[in-house]
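Heads up: take any position in the sequence shown, counting from 1, add 521, and you land on our numbering.
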Amino acid sequence: MSLQQLKAKALQQYAAQIRSLARVAYRKSTRPKACTVCGYDTHYEVCHIKPISEFMPTDFVSDVNAPTNMVALCPNHHWEFDNGYLAAEFILKLAGV
Numbered sequence: 522m523s524l525q526q527l528k529a530k531a532l533q534q535y536a537a538q539i540r541s542l543a544r545v546a547y548r549k550s551t552r553p554k555a556c557t558v559c560g561y562d563t564h565y566e567v568c569h570i571k572p573i574s575e576f577m578p579t580d581f582v583s584d585v586n587a588p589t590n591m592v593a594l595c596p597n598h599h600w601e602f603d604n605g606y607l608a609a610e611f612i613l614k615l616a617g618v
């Protein structure tokens with residue numbers, strides 16, 4: 522394994538840990554447990570409005586996983602958001618953040 526591959530794996534594990542903590546924090550919050558866009562509540566995913574990759578390594582996990590930076594989305598709307606089909610401003614407006 523090259524050094525570059527090792528660094529990429531470490532970053533992937535770092536982001537996975539932050540996402541795991543985000544799900545726990547969101548579940549414990551009073552935020553709606555349904556898709557912000559369509560209201561689907563059988564399965565929702567916790568979505569970071571400002572991506573994890575845009576935070577500095579010195580930022581606190583509590584800032585990355587702040588309730589104002591997380592929103593519940595169904596898998597379809599989460600994919601649309603991540604791929605640029607839904608604007609962050611639109612999601613924030615619907616979420617009332």
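Where a beta carbon is used, it is the ideal one built from N, C-alpha and C, also for glycine.
- DSSP, reduced to helix, strand and coil, places alanine 531 within a helical segment of the structure shown.
- According to the DSSP assignment, valine 585 belongs to the alpha helix (DSSP H) that extends over 582–585.
- Between the C-alpha atoms of lysine 554 and alanine 531 there is a straight-line separation of about 30 angstroms.
- For histidine 564, the number of other beta carbons within 10 angstroms of its own is below 16, and it is reported as exposed.
- Taking proline 572 as reference, the option from His599, Thr551, Ser550 with the minimal CA-CA separation is His599.
- In this structure, glutamate 566 sits away from proline 588, with a CB-CB distance that is not shorter than 8 angstroms.
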